[in-house]
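Residue numbers for the sequence shown follow my numbering, beginning at 9 and rising by one. The structure appears right after this line, and notes come after that.
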Amino acid sequence: MQKIWVVILMMAVMVSAAWAGSGPDIKEGEWDMTMETEIPGMPVKMPPIAYSQCITKDTPIPENQQPNQDCRMVDTKTSGNTVSWVVKCNGPEGEMTGSGSVTYQDDQMNGSMVMETQGMKISTRMKGHYVGPCKK
9 MQKIWVVILM MAVMVSAAWA GSGPDIKEGE WDMTMETEIP GMPVKMPPIA YSQCITKDTP
69 IPENQQPNQD CRMVDTKTSG NTVSWVVKCN GPEGEMTGSG SVTYQDDQMN GSMVMETQGM
129 KISTRMKGHY VGPCKK
């Protein structure tokens with residue numbers, strides 16, 4: 009009887025480990041994305057930024073790091089097809105912290121992020137669509 013419990017426990021651990029390591033439920037490949045950023049107090053609306061990125065289960069977070077920014081992820085979480093994160097950046101304007109999340113649904117993606125620096129909150133909305141296999 010004790011051997012059966014040991015086997016059941018080992019199977020539960022293996023299933024949990026496999027599930028935890030499986031990553032988000034996303035379509036891996038090249039994605040075209042657009043980011044729209046709003047900065048309070050700016051007299052002119054910033055134009056959207058469009059770019060492409062190879063998205064995989066290992067790299068599911070859209071990246072559009074600006075030059076002269078040293079950013080690092082300090083926390084990431086995955087729940088189904090949603091990925092959330094906390095990021096810290098150091099740049100010429102000082103330290104910035106932020107959090108965001110993105111949800112993948114079939115060939116579409118939507119998300120948002122809020123960065124905070126010097127008491128100002130910068131909001132970004134993201135959307136994207138799958139275009140095909142990653143370019144090598």
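Built from N, CA and C at the ideal position, the CB exists for glycine as well. Just so we're clear, the structure is a prediction, and the values are computed from it rather than from any experiment.
Do you know how far the Cα of M81 is from the Cα of P70?
12 Å
Anyone know if the C-beta pair for Y112 and I57 falls short of 9 Å?
no
Please classify G127: is it buried, with 16 or more other beta-carbons within 10 angstroms of its beta-carbon, or exposed?
exposed
Less than 8 Å between the CB atoms is what I'm expecting for T132 and M121, so what's the real figure, rounded?
Between T132 and M121 the beta-carbon gap is near 5 Å, inside 8 Å, which marks them as a contact.
Tell me which same chain residues have a C-beta within less than 6 Å of the C-beta of E46, skipping the five on either side of it?
These residues qualify, in order along the chain: S131.
What does DSSP give as the partner residues of I130 in its beta bridges?
M123
Euclidean distance between Cα positions of G49 and P141
40 Å
Local conformation of D160 per DSSP, three classes:
The structure shown does not extend to residue 160, since the chain is modelled only from 9 through 144, so no value can be given for it.
Where the beta strand (DSSP E) containing N98 begins and where it ends:
T90 to G99
Cβ-based neighbour list, T84, same chain, cut-off 6 Å, excluding 5 preceding and 5 following:
Contacts found: W93.
Around the C-beta of V139, are 16 or more other C-beta atoms found within 10 angstroms, so that it is buried, or is it exposed?
exposed
Keeping to the same chain, check which residues put their C-beta closer than 7 Å to that of N89; ignore five residues upstream and five downstream.
Within the same chain, N89 has close Cβ partners P32, D33, I34, T111, Y112 and Q113.
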